[in-house]
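Residue numbers (the numbering used here), protein chains in the order written: chain A, 1 to 197; chain B, 198 to 658.
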């Protein structure tokens, strides 16, 4: 049996990094452009649905990933702004664009609490929690430290292009980043032309 | 000039984005008084088919730090997508028509909003040289005012051999993957460190040199590494510019310190070496993450090789000079000052901020008026990282660095204030000639892409 090239590379990568104590032994996802950056863990949303983090939520998708917690939202609110982004994405949300919020306090934020948080803002996207260590691995992959984090990662894992914006950035510019990273009929280099001439 | 993608078979080169088929792009050589027009076509593939795993294939090219009208400056929102072009007009005028404001060593690089670090890392950088009636590039110049610095630049010589005596060297540190392509972790927003230093995009190259004086224009192309460069034998050389602008007097030194986007020109005299001898340029600045240097110097075998000079045999003619006096600085007159502003570089909740704020192209954070002067304060509120603070369009003169008057090469005109932890720099600016939008940002490009940038507008006086 011959393995596909990508699988061979992944196996070789895992082997070479296992000897290095700087790399965690956590299994890595496979397949997409940034698969090896993310832990192979299961997460759970506010409706108690479970998913493999990279393979089901990110791979081959256009995503916006923000970070907060029930408590953190009181100190540094971001959801009000992101609801405006949700409105700008209109019917793309949940189809070819996916918004996720990952809790920075998985030990406290149960699916029920996250449901209350989402509903209280009218957020229709998915809020994820899970095993504390697993969520920590995800937060580490995005360089999220502490429970308050002001950046939203926007990525198209079909093309492997990622950028981050400030979660409280004008919603137009977050929606514009989504349009710029889109491919096919939804691609727009900008929503408002800011060129000089 | 047309950025395009190039690839090479495994083991023979790296995937790169190129200007007219090369990285660094062709050196732009221009003279004051002779305006330049450049049309830059974006021939890169669109993001759905592009092979380069990092960056975004839209381009806007900043000529750092030319005195250029806003629409030609490479403003981050002035990007061209694949299939489009952007026209740049470089007026080749001195700021305020004052020859004391001449720039000498510049570089051009991509400035795409959100993607500057990765687009430059992918290959979109190149050097630029401005000459004028005293810094003519001709070391045999008979004109009384000509400085006759090592020059006589040529193009198209043999690889590994110097083309004339005025040589540009741009440093980028790169991490390569097993296929020899540049690797990069876009999710690490502290900054990116490569484990190998490239010079003009070659790892540890060598250069055959004659036993005479050379002018080297040395650029830190980033994205995040700081350097202290010296020769392996710790022998002295002369520094003649800071941020590419001629000093009043050459400064003798055994090392130079560069942060991202800093440039310094040095003159090394190889006549002190024997034919067949070689000498290395080494980096002795320790840095273990993208945030900035640790403050420790590398010693012995820890020192990082940058490049090697191989001294050739033969007696050579050297009509170049190291003059006692180079270019006078424009006067600083505090009675022209109409405003004082402060720019605080900090880190908060994962955000790199300036004045607690972040890049929003609709917000104008300062609006100095044409024909006025201002005092600006650059402050690093962080105690563990460095921020090379860069302001487009005008050069500043340092009034105080942590309360001390500038000496040595800090007595100069600059465009990047490399702020160490908790540094406070007070500078003098004049604003003139063009109106429009410009930016101030951290030139650790990873911080810049993560919103450590603000817009400021030059407004009619």
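C-beta atoms are modelled at their ideal positions from N, C-alpha and C, and glycine is treated no differently.
Using the beta-carbon of each residue, which ones in chain B are nearer than 7 Å to residue 160(A)? 250
Is DSSP giving residue 267(B) helix, strand or coil here? helix
My assumption, with CB atoms under 8 Å, is that residue 573(B) sits in contact with residue 639(B). Please give the rounded CB distance. About 15 Å separates the two Cβ atoms, so there is no contact after all.
Would you kindly check if the distance between the Cβ of residue 270(B) and the Cβ of residue 633(B) is under 9 Å? yes
Three or more C-beta pairs closer than 8 Å, one from the segment 384–400 of chain B and one from the segment 426–442 of chain B: is that the case here? no
Confirm, please, whether the CB-CB distance from residue 561(B) to residue 654(B) is below 9 Å. yes
Residue 608(B), DSSP secondary structure in three states: coil
Please list the partners that residue 647(B) has in chain A, where partner means a Cβ-to-Cβ separation under 8 Å. 151, 164
If we cut at 9 Å on Cβ distances, does residue 37(A) have a partner in chain B? yes
Compile a chain-ordered list of the residues in the segment 377–388 of chain B whose CB is closer than 8 Å to at least one CB of chain A. 382, 383, 384, 385, 386, 387
Start and end of the alpha helix (DSSP H) containing residue 117(A)? 111–121
In chain order, what residues of the segment 404–422 of chain B put their CB closer than 8 Å to some CB of chain A? none
Give me the Cβ distance between residue 242(B) and residue 286(B), rounded to the nearest whole Å; I'm assuming they're in contact under 8 Å. With 8 Å as the limit, residue 242(B) and residue 286(B) do not qualify as a contact, their Cβ atoms being about 28 Å apart.
Neighbour list for residue 655(B) in chain A, Cβ cutoff strictly below 7 Å: Per Cβ cutoff of 7 Å: no residues; residue 655(B) is ~13 Å from chain A at best.
Our contact map puts residue 96(A) next to residue 62(A) with C-beta atoms below 8 Å; I'd like the distance itself, whole angstroms only. 6 Å
Rounded Cβ spacing between residue 89(A) and residue 175(A) (contact assumed at less than 8 Å): 6 Å
Is there at least one Cβ from chain A nearer than 9 Å to residue 395(B)'s Cβ? no
Could you give the distance in angstroms between the alpha-carbon of residue 103(A) and the alpha-carbon of residue 146(A)? 11 Å
Is the separation between the beta-carbon of residue 156(A) and that of residue 117(A) shorter than 9 Å? no
Just mark residue 393(B) as buried or exposed, buried being the case when its beta carbon has 16 or more other beta carbons within 10 Å. exposed
Under the assumption that residue 197(A) contacts residue 138(A) (Cβ atoms under 8 Å), give the Cβ distance between them as a whole number of angstroms. With 8 Å as the limit, residue 197(A) and residue 138(A) do not qualify as a contact, their Cβ atoms being about 43 Å apart.
Closer than 9 Å by beta-carbon distance: list the chain A residues that pair up with residue 321(B), in chain order. Under the 9 Å cutoff, chain A gives no residues; its nearest Cβ is about 16 Å from residue 321(B).
Is residue 232(B) close to chain A, meaning its C-beta is less than 9 Å from at least one C-beta of that chain? no
When the Cβ atoms of the segment 533–543 of chain B are set against those of the segment 449–468 of chain B, are three or more pairs found closer than 8 Å? no
Relative to the alpha-carbon of residue 636(B), which residue among 357(B), 570(B), 500(B), 591(B) has its alpha-carbon at the smallest distance? 591(B)
Give the interface partners of residue 274(B) over in chain A, defined as CB-CB distance under 7 Å, in chain order. 194, 195
Examine chain B for any beta-carbon lying closer than 9 Å to the beta-carbon of residue 175(A), and answer yes or no. no
Collapsed DSSP secondary structure at residue 229(B) in the structure displayed: coil
Collapsed DSSP secondary structure at residue 601(B) in the structure displayed: strand
For chain B, find out if any of its Cβ atoms is closer than 9 Å to the Cβ of residue 183(A); answer yes or no. yes
Determine, for residue 118(A), whether the minimum Cβ-Cβ distance to residues of chain B falls below 9 Å. no
Output, in sequence order along the chain, the residues in the segment 134–148 of chain A whose CB is closer than 9 Å to any CB in chain B. 141, 142, 143, 144, 145, 146, 148
If you count every other CB in all the chains shown that lies within 10 Å of the CB of residue 472(B), and 16 or more means buried, which is it? exposed
When you compare the CB of residue 171(A) with every CB in chain B, is at least one pair closer than 9 Å? no
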